[in-house]
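Residue numbers (the working numbering): 1 to 181.
Ideal placement from N, C-alpha and C gives every residue a C-beta, glycine not left out.
Only one structure is covered here, and it is reproduced in the block below.
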Amino acid sequence: MDLAEDVKLQGSGVIGYFQALTGVLSRPGAFFSSLEEDIPMGKPLGFLIACALFYTGASLTCLSHGHAIMAGVYLLNSLLMPILSAGACFLVMTMFLGRRVTFKTLVAVHAYAAGVTMLAAWIPLFVWFTEPWKWCLITLGMVKAGKLTWLQSILVALASIFLISMFFWSMMPVIAGIKGA
Numbered sequence: 001m002d003l004a005e006d007v008k009l010q011g012s013g014v015i016g017y018f019q020a021l022t023g024v025l026s027r028p029g030a031f032f033s034s035l036e037e038d039i040p041m042g043k044p045l046g047f048l049i050a051c052a053l054f055y056t057g058a059s060l061t062c063l064s065h066g067h068a069i070m071a072g073v074y075l076l077n078s079l080l081m082p083i084l085s086a087g088a089c090f091l092v093m094t095m096f097l098g099r100r101v102t103f104k105t106l107v108a109v110h111a112y113a114a115g116v117t118m119l120a121a122w123i124p125l126f127v128w129f130t131e132p133w134k135w136c137l138i139t140l141g142m143v144k145a146g147k148l149t150w151l152q153s154i155l156v157a158l159a160s161i162f163l164i165s166m167f168f169w170s171m172m173p174v175i176a177g178i179k180g181a
């Protein structure tokens, strides 16, 4: 049996979730190589939703008050940031490399990478480990699923991190204005 076939997602629901989790954690290169070019979005987004729900619930254990509002913030953040980062990668890739990978493939790579790292990201200060780990998985996913070279993948990831950072940095005056109002 081919190594990529060994980690190929065949189940759905809980079985599919644990297959994806085991695949990304044990053999991420083989897992991302097994992703189809035109992957149905149900499995990666279902995986992301399950991990986001776990992350949200686990993160609430670190709070003393404001659970309802923060639950919404954590859940929205954990669901939207992988899609935003996939959009940034797609934008950078399209601008500088031409369109090499479909947006669906990038969303799948980002969903699996972010979902796996969310399982540890809720622990205070673990973001210093999980964020670089997530971007390493994304870079690997772009190489294996997107067929980019290592250099292209690293440059796309770095440019995407810069673009996302600049976006949120430019939003700081708006947020400060809303907070002060």
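Enumerate in chain order the residues of its own chain whose CB-to-CB distance from residue i is below 7 Å, with the five nearest sequence positions on each side excluded.
| i | result |
| --- | --- |
| ALA189 | There is simply no residue 189 to check, as the chain begins at 1 and stops at 181 in what is shown. |
| TRP150 | VAL143 |
| LEU35 | THR105, ALA108, ALA145 |
| ALA111 | PRO44, LEU45, PHE47, LEU48, PRO82 |
| ARG100 | MET93, GLY146, LEU148 |
Would the beta-carbon of residue i fall within 7 Å of that of residue j?
| i | j | result |
| --- | --- | --- |
| LEU155 | ALA88 | no |
| ALA157 | TRP133 | no |
| GLY42 | PHE31 | no |
| SER64 | TRP122 | no |
| ALA195 | LEU137 | Past the edges of the chain, shown from 1 to 181, lies residue 195, and the structure says nothing about it. |
| GLU148 | PRO28 | Strictly speaking, residue 148 in this sequence is Leu, with Glu absent from that position. Not a contact, by the Cβ cut-off of 7 Å. |
| ALA68 | TYR17 | no |
Leaving out five residues on either side along the sequence, give the residues of the same chain with a beta carbon under 6 Å from the beta carbon of residue i.
| i | result |
| --- | --- |
| GLU131 | none |
| ALA159 | VAL92 |
| ILE161 | none |
| SER153 | THR139, MET142, VAL143 |
Excluding five sequence neighbours on each side, which residues of the same chain lie with their C-beta closer than 8 Å to the C-beta of residue i?
| i | result |
| --- | --- |
| GLU37 | THR102, THR105 |
| MET70 | SER59, LEU60, LEU63 |
| LEU25 | VAL116 |
| LEU124 | Going by the sequence as given, residue 124 is Pro instead of Leu. Within the same chain, PRO124 has close Cβ partners CYS62. |
| ILE39 | LYS104, THR105, ALA108 |
Any idea what DSSP makes of residue i, helix, strand or coil?
| i | result |
| --- | --- |
| LEU63 | coil |
| MET41 | coil |
| LEU35 | coil |
Span of the alpha helix (DSSP H) holding residue i?
| i | result |
| --- | --- |
| SER12 | Note, SER12: premise wrong, no alpha helix (DSSP H); not H, not E. |
For chain B, find out if any of its Cβ atoms is closer than 7 Å to the Cβ of residue i; answer yes or no.
| i | result |
| --- | --- |
| VAL127 | No chain B appears in the structure shown, which is made up of a single protein chain. |
| Every unbroken alpha helix (DSSP H) within the stretch 85-158, with a cutoff of 4 residues, ordered by chain | Here the runs fully enclosed are 103-121, 127-144.
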